[in-house]
Amino acid sequence: SQQGEEDPQALSIQEGENATMNCSYKTSINNLQWYRQNSGRGLVHLILIRSNEREKHSGRLRVTLDTSKKSSSLLITASRAADTASYFCATKAGGADGLTFGKGTHLIIQP
Amino acid sequence: EAGVVQSPRYKIIEKKQPVAFWCNPISGHNTLYWYRQNLGQGPELLIRYENEEAVDDSQLPKDRFSAERLKGVDSTLKIQPAELGDSAVYLCASVPRYQETQYFGPGTRLLVL
Chain A
34 SQQGEEDPQA LSIQEGENAT MNCSYKTSIN NLQWYRQNSG RGLVHLILIR SNEREKHSGR
94 LRVTLDTSKK SSSLLITASR AADTASYFCA TKAGGADGLT FGKGTHLIIQ P
Chain Z
61 EAGVVQSPRY KIIEKKQPVA FWCNPISGHN TLYWYRQNLG QGPELLIRYE NEEAVDDSQL
121 PKDRFSAERL KGVDSTLKIQ PAELGDSAVY LCASVPRYQE TQYFGPGTRL LVL
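Which chain is which? The protein sequence lines are A and Z, in order.
Reminder that position 108 of the first sequence reads as 141 in the numbering used here, one-by-one numbering, no gaps.
Reminder that position 71 of the second sequence reads as 131 in the numbering used here, one-by-one numbering, no gaps.
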């Protein structure tokens with residue numbers, strides 16, 4: 034079963050614009066992670082935010098977490114064509130648990 | 061550092077045939093996961109290993125799926141017999157001790173005809 038639900042399912046923007054993706058989940062979490070998947074490839078870890086954190090930055094990425102609303106957002110600033118990929122949020126309920134992934138947001142950056 | 065290696069990358073079989081996937085995790089990573097990813101969906105956990113022990117196989121369809129991780133390094137996932145609905149990408153991921161980031165292999169794309 035999948036816990037996270039990303040929104041939107043697909044997003045197309047112009048290069049240089051910012052892209053925002055949202056993720057909602059259902060149960061309490063230990064941490065939430067975002068992964069990127071290029072077509073036909075494996076997933077690549079982008080950023081992890083713990084349940085006691087509210088915001089985190091990594092390069093052009095900004096992630097927020099609102100545990101009261103059970104939601105997270107991923108912001109990619111100054112998008113590039115190479116950012117075209119599917120983005121997944123994944124939640125971890127406990128320290129020893131596996132990840133539960135959402136269905137992903139397919140992001141297309143138009144040059 | 062070499063990444064997670066999976067083979068084969070692609071496999072086409074007829075239904076009712078057996079199939080096996082192989083994963084070589086990153087050296088030193090003690091935790092290994094197998095996921096299944098259907099088209100347009102996120103990965104779904106099948107089984108998790110801590111060293112050679114399967115600590116979570118609750119999502120593994122045990123009537124036809126089996127897995128092993130001998131010596132706590134390489135792992136094999138097997139389906140016997142395969143069904144049409146098993147067509148998917150099978151992903152392997154490994155995690156170093158005391159860390160959270162999962163390192164994924166490129167996956168094996170299975171097509172069952």
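Virtual Cβ for every residue (Gly too), placed ideally from N, Cα, C.
Owing to the predicted nature of the structure, the values given are computational and were not obtained by experimental measurement.
#1: Using the C-alpha atoms, what's the distance from ALA114 (chain A) back to PRO144 (chain A)?
#2: Can you give me the C-alpha to C-alpha distance between SER34 (chain A) and ILE107 (chain Z), rounded to a whole angstrom?
#3: Would you mind giving the Cβ-Cβ distance between GLY167 (chain Z) and VAL149 (chain Z), rounded to the nearest angstrom? I have them listed as a contact below 8 Å.
#4: Could you check where the beta strand (DSSP E) with THR136 (chain Z) kicks off and where it finishes?
#5: Should LYS136 (chain A) be flagged as near chain Z, meaning a C-beta pair shorter than 7 Å?
#6: Does the contact criterion of 3 or more C-beta pairs under 8 Å hold for the region 57-73 of chain A versus the region 124-143 of chain A?
#7: Closest by CA to LYS59 (chain A), which one among A:LEU140, A:ALA126 and A:THR138?
#8: If you run the structure through DSSP and keep just helix, strand and coil, what is ASP146 (chain Z)?
#9: May I ask whether a heavy atom of the ligand MG can be found less than 6 Å away from the beta carbon of GLN140 (chain Z)?
#10: Could you check whether the Cβ of LEU81 (chain A) sits closer than 7 Å to any Cβ belonging to chain Z?
#11: Could you please tell me which residues of the region 155-167 of chain Z, in chain order, have their CB closer than 9 Å to any CB of chain A?
#12: Under the three-state reduction of DSSP, which class applies to ALA127 (chain Z): helix, strand or coil?
#13: Is the Cβ of PRO103 (chain Z) closer than 7 Å to any Cβ of chain A?
#14: Please give the ranges of any beta strand (DSSP E) in the region 72-122 of chain Z, keeping only runs that are unbroken, at least 3 residues long and fully inside the region.
Here's the rundown:
#1: 6 Å
#2: Per-residue confidence for SER34 (chain A) stands at a pLDDT of 49, beneath the threshold of 50, marking its modelled position as unreliable; no derived number is given.
#3: 4 Å
#4: 135-139 is the span of the beta strand (DSSP E), which, as asked, contains THR136 (chain Z).
#5: yes
#6: yes
#7: A:ALA126
#8: helix
#9: The ligand MG is not part of this structure, which contains no ligands at all.
#10: LEU81 (chain A) counts as touching chain Z.
#11: Contact annotation: in the region 155-167 of chain Z, residues whose CB is within less than 9 Å of a CB in chain A are GLU160, THR161, GLN162, TYR163, PHE164, GLY165, PRO166 and GLY167.
#12: strand
#13: yes
#14: 79-84, 91-97, 104-110 and 113-116
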